[in-house]
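Report on the following structure.
Rendered as structure tokens:
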């Protein structure tokens, strides 16, 4: 007999999904194994041992405190009070007034003695003078003039000068700028060097170059020299005039060479051997004036002693032989002009 689908379902159970054989086998194997009991660690251990340790520490600390208190009581009763220590004497100054006065006479050194406090103190500043370290100069210090003596050098490349003065069209008689030996920060070792590159001023004692006073060789057009001994011998050659009667602007190259040869001969034989003295120094002062090519008409004038004149001739010969010079003429300065220049500067 044919049954209806409803009747078929009632008599039979529903079909279950078949699982793969491998999974079933694994499951059966797990069921056969004896189950091991997993022991979970005790995450919260008992607090009883910690409480016991803390109580033991507190008891030990209490015993130590009691023992210390007993020792202090017994010690204070037996030991007498200490007497105050005697005060130490103030340190005596190592330097005497005589040495301080001698150092002050030579040169000023701010690290020898403490600086004087200022007159007024400002409340806005939180720092005092003791907060700052004293400054020390890195420049070379010179010994006392009495011990060192007068600066002299036999080096022909170093011409010891008394001063250098700058003139221009606006300042003809009085100098527009000057650098005098022994005044201000300048020592008596002011030196002029004449090289193939020009004229250079240095402070030989301090070792400082005065670069603002440099005169380059290619900017110079005329150099005039005043030597009293040369002027007294009348070596001035007659000035040549052009065909139309116009006067030349400066000496020729041959005239400059001849003048330097005669000047060097006179200064070596006479000026170099002059005896030192106040009157001879004033009467025998030499003057070197260099004119520059510019619109301002700048002129640099150097005043030097009689014994340094022979170095000027050697330096000018070296300068004219250089490749940087452009038609530089060298000639003698007139007697009236040389004396008037020294008089205006206060040397006569």
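In my numbering, the protein residues as written are 20 to 367.
Ideal Cβ placement from N, Cα and C applies to all residues, glycine included.
First and last residue of the uninterrupted alpha helix (DSSP H) at residue i
i, result
"residue 278", "272-288"
"residue 351", "Segment 348-351 is the beta strand (DSSP E) holding residue 351; no alpha helix (DSSP H) there."
"residue 360", "354-364"
"residue 42", "40-51"
"residue 328", "328-340"
The beta strand (DSSP E) enclosing residue i, as first and last residue numbers
i, result
"residue 240", "239-245"
"residue 211", "209-214"
"residue 231", "227-235"
"residue 292", "Residue 292 -> no beta strand (DSSP E), and no H or E assigned at all."
"residue 317", "Segment: none, residue 317 is in no beta strand (DSSP E) and carries neither H nor E."
"residue 196", "196-199"
"residue 181", "178-186"
"residue 219", "217-222"
Inter-residue CB distance, residue i and residue j (contact presumed, cutoff 8 Å)
i, j, result
"residue 337", "residue 220", "Not quite, the Cβ-Cβ distance comes to about 17 Å (not below 8 Å), so this is no contact."
"residue 181", "residue 193", "The Cβ separation is near 17 Å, so there is no contact."
"residue 188", "residue 269", "About 18 Å separates the two Cβ atoms, so there is no contact after all."
"residue 183", "residue 250", "Residue 183 to residue 250, Cβ: 22 Å. No contact."
"residue 341", "residue 215", "3 Å"
C-beta contact flag for residue i and residue j at 9 Å
i, j, result
"residue 332", "residue 283", "yes"
"residue 330", "residue 178", "yes"
"residue 235", "residue 310", "no"
"residue 285", "residue 306", "no"
"residue 370", "residue 175", "Summary: the structure shown does not reach residue 370, with the chain confined to residues 20 through 367, and so no result is reported for it."
"residue 195", "residue 202", "no"
"residue 232", "residue 319", "yes"
"residue 205", "residue 198", "yes"
"residue 248", "residue 325", "yes"
"residue 308", "residue 367", "no"
"residue 304", "residue 217", "no"
"residue 169", "residue 207", "yes"
"residue 275", "residue 339", "yes"
"residue 328", "residue 290", "yes"
Any non-hydrogen atom of the ligand MG closer than 8 Å to residue i Cβ
i, result
"residue 337", "Ligands displayed in this structure: none; no statement on the ligand MG is therefore possible."
CB contact check: residue i to chain B, cutoff 9 Å
i, result
"residue 93", "Any reference to chain B falls outside this structure, which holds one protein chain only."
### Query
Would you call the region 343-353 and the region 243-251 touching, i.e. three or more CB-CB distances under 8 Å?
yes
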